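Trainee:
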Amino acid sequence: MHAKLIKMLLDLRASYWFIPACMVLVAIGLSVLMTWLDANYEAEWMRSVEWLTAARTDGARSVLTVIAGSTIGVAGVTFSITIVAVSFASANFGPRLISNFMRDRGNQITLGIFIGTYVYCLLVLRTVRNASEPNIENSFQAFVPHFSVLVALLLALSSVAVLIYFIHHVPETLNVENLVAKVGRQLQRGIKELFPDSKNADAGELTGEVWESRRQAINHAGIGSRSEGYVQTLDLGRLSELADENELLVRVQYRPGDFVTRGSVVFDIWSEKPLSDSVEDALLACFALGNERTAHQNVLFLVDQLVEIIGRALSPGINDPFTAITCLNWLKVGVLQMLRTDTSELDPPKDSRVQVYPITLERFASAVFDQTLQYVSADRNVTLHSMAILTELACATQVVESRQSLINHLVRLASAADGQIPANAGGRDVAARYQEAMAILSDPDTLEAFRQSPGWFGGRA
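Here it is as structure tokens:
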């Protein structure tokens with residue numbers, strides 16, 4: 002699929018107006034259908050059930066007017082509450098989390114039901130009419146759309162139910178535990194999409210040696226960007242097709258989340274013949290740029306969101322170490338998932354016609370632990386928890402390079418905390434935890450001994 006089309010669909014999904022607009026269109030169609038049914042298939046049995054019918058035109062007008070007026074008023078209130086929630090989240094958790102609230106399905110559906118009910122009642126209301134005098138030319142009979150009014154009552158009851166849900170939903174979305182968990186689960190899904198099952202991964206057509214030999218023997222050209230912005234979508238499927246069709250070797254210089262300036266070389270191309278303008282345009286169409294970073298194809302952006310919450314939580318004005326600990330727990334899940342992923346097989350640098358610089362464990366762990374280092378190392382409680390997480394992660398892998406990378410982060414954290422936390426304010430605890438961590442990592446017997454202690458593996462709540 003074209004990268005710009007993918008970006009447009011993602012923008013629609015993230016917009017606050019799209020679902021309410023679709024529900025308004027449904028309400029318009031429903032009003033036309035119900036008034037047509039009333040005009041052509043009026044049910045006599047409804048007249049015998051008084052509570053199902055609006056016996057007079059004045060009664061029907063009153064019911065529809067009350068429903069329309071109340072729902073549009075409540076719609077304004079719900080929109081105001083949503084804006085207040087967005088402002089609160091932006092101030093306390095960071096402006097990059099605003100999109101999470103704007104794309105929230107509960108908020109969108111709530112607004113859509115209220116506005117849709119208002120539009121439906123307004124359009125049905127115009128069809129209610131009194132009978133004219135019989136001696137007047139072109140006289141007409143009274144029309145009371147019983148079916149339509151009944152549907153309006155059902156929509157009103159649905160609006161009441163949705164209002165109750167919305168009152169419960171807003172505090173839930175502002176709960177920092179739920180907010181962090183939502184971002185953490187997005188991070189999990191993003192890693193799974195970035196690194197699918199290696200057994201199903203396409204190994205490509207060219208081995209690394211053949212790629213290198215071809216690259217040295219054929220023409221090289223760089224394709225520069227024609228605009229600036231953040232890379233929001235990269236259509237690797239289409240890019241691979243173009244490389245195969247035109248026998249190209251393509252190296253992608255920017256990943257989703259990177260900022261591209263006009264003229265920056267986004268593709269290095271090796272080909273046996275000069276590139277045509279149409280092929281160059283098709284290659285550039287595999288990129289879609291925008292004004293902001295998004296979570297699509299960009300797990301590091303989700304990491305940055307949690308890191309931003311940690312930084313604000315540990316700021317002197319807020320000083321909330323438990324929120325920071327919650328964020329670290331979900332970041333731990335992401336690192337653990339990366340440890341279980343063989344990135345060398347799933348994102349190979351030299352075994353296909355298209356090369357993309359991979360997100361390695363080292364890069365991912367650096368985004369987690371190096372970016373939080375200055376905040377975590379100043380707080381005793383969070384430092385102890387972060388040391389425990391690093392120790393558990395290092396114990397969870399048998400890959401020497403991955404294990405050593407996590408140990409290096411542990412050493413840097415201990416060194417930074419030693420310079421910021423005084424001995425009598427928790428520094429001794431941090432030093433003791435560091436010594437215990439190194440003992441666990443150096444001796445399997447010590448690891449098993451500490452597993453029996455609630456101070457380390459599990460049971461710390």
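As numbered in the working numbering, residues 2 to 462 make up the sequence shown, in order. C-beta: ideal position from N, C-alpha, C; glycine also. Quick caveat, the model's predicted, so the values are computed rather than measured.
From A424 to R227, what distance separates their C-alpha atoms?
Mentor: 56 angstroms
Trainee: Who are the near neighbours of F89 in its chain, counting only those whose CB is closer than 7 angstroms to its CB and skipping five residues on each side?
Mentor: L175
Trainee: Is the Cβ-Cβ distance between L394 and L407 less than 8 angstroms?
Mentor: In contact: L394 and L407 (Cβ atoms closer than 8 angstroms).
Trainee: Taking 8 angstroms as the cut-off, decide whether the C-beta atoms of S358 and G291 are in contact.
Mentor: Sequence inspection shows Tyr at residue 358; the Ser mentioned does not correspond to that position. Against a cut-off of 8 angstroms, the Cβ pair of G291 and Y358 comes out as no contact.
Trainee: Which whole-angstrom value is the C-beta distance of F148 and D59, which I expect to be below 8 angstroms?
Mentor: So it is not a contact: roughly 18 angstroms between Cβ atoms.
Trainee: For G312, which residues of its own chain have a beta-carbon under 7 angstroms away from its beta-carbon, when the five flanking residues on both sides are left out?
Mentor: Y376
Trainee: Within its chain, find whatever has a CB closer than 6 angstroms to the CB of V177; leave out the 5 residues flanking it on each side and keep chain order.
Mentor: T324
Trainee: Counting Cβ pairs closer than 8 angstroms, one from the stretch 235-245 and one from the stretch 281-291, do we hit at least three?
Mentor: yes
Trainee: Using beta-carbon positions only, say whether H3 and D236 come within less than 8 angstroms of one another.
Mentor: yes
Trainee: Just to confirm before moving on: does the CB-CB distance between V304 and A368 stay below 8 angstroms?
Mentor: At a Cβ-Cβ threshold of 8 angstroms, V304 and A368 count as neighbours.
Trainee: Does the beta-carbon of I310 have 16 or more other beta-carbons within 10 angstroms, so that it is buried, or is it exposed?
Mentor: buried
Trainee: Report all residues from its chain with a CB closer than 7 angstroms to the CB of S387; omit the five preceding and five following residues, and keep chain order.
Mentor: In chain order, L329, V377 and L414 place their CB closer than 7 angstroms to the CB of S387, counting only its own chain and leaving out the 5 sequence neighbours on each side.
Trainee: Along the chain, where does the alpha helix (DSSP H) that runs through R452 open and close?
Mentor: P445 to R452
Trainee: Tell me the residue span of the alpha helix (DSSP H) that contains T327.
Mentor: Its alpha helix (DSSP H) spans residues P322 to L340.
Trainee: Between the alpha carbons of S16 and E194, how many angstroms are there, rounded?
Mentor: 22 angstroms
Trainee: State the beta-bridge partners of G95 as determined by DSSP.
Mentor: Bridge partners of G95: none, in fact.
Trainee: Please determine, among V401, V27 and R130, the residue with the shortest C-alpha to C-alpha distance to V145.
Mentor: R130
Trainee: Looking at V267: is its Cβ nearer than 8 angstroms to the Cβ of G225?
Mentor: A distance below 8 angstroms separates the beta carbons of V267 and G225.
Trainee: Is the CB-CB distance between L65 and L126 below 8 angstroms?
Mentor: yes
Trainee: Can you give, in chain order, each stretch of the beta strand (DSSP E) that sits fully within the stretch 251-315 and has at least 3 residues?
Mentor: 266-272 and 288-291
Trainee: DSSP three-state label for Q399, please.
Mentor: Reduced to three states, the DSSP call for Q399 is coil.
Trainee: Should D430 and R381 be called a contact, given that it needs their Cβ atoms to be closer than 8 angstroms?
Mentor: If you check the CB distance, D430 and R381 come in under 8 angstroms.
Trainee: Cβ of E273 within 8 angstroms of Cβ of I219?
Mentor: yes
Trainee: Any idea if M339 is buried or exposed, counting beta-carbon neighbours within 10 angstroms, 16 or more meaning buried?
Mentor: buried
Trainee: Do you know offhand how far H410's Cα is from A440's?
Mentor: 16 angstroms
Trainee: Compare the Cα-Cα distances from T373 to each of I326, Y121 and A397 and report the closest residue.
Mentor: I326
Trainee: Among V383, I68 and L124, which one has its Cα closest to the Cα of L34?
Mentor: L124
Trainee: How is R130 classed by DSSP in three states: helix, strand or coil?
Mentor: Three-state DSSP puts R130 in a strand.
Trainee: From the DSSP secondary-structure annotation, give me the bridge partner or partners of H221.
Mentor: Answer is W271.
Trainee: Just tell me which of F302, A153, T83 and P96 has its CA closest to the CA of G107.
Mentor: Checked all of F302, A153, T83 and P96; the closest Cα to G107 is T83.
Trainee: With a CB to CB cut of under 7 angstroms and the five nearest residues on each side skipped, what residues in its chain are close to L164?
Mentor: V75.
Trainee: When the Cα atoms are used, what is the spatial distance from R62 to V25?
Mentor: If you draw a straight line from the Cα of R62 to the Cα of V25, it comes to about 21 angstroms.
Trainee: Give every residue of the same chain whose Cβ lies closer than 8 angstroms to the Cβ of A153, excluding the five residues on either side of it in the sequence, and list them in chain order.
Mentor: V64, L65, I68, T118, Y121, C122 and V125
Trainee: According to DSSP, is G230 part of a helix, a strand, or is it coil?
Mentor: strand
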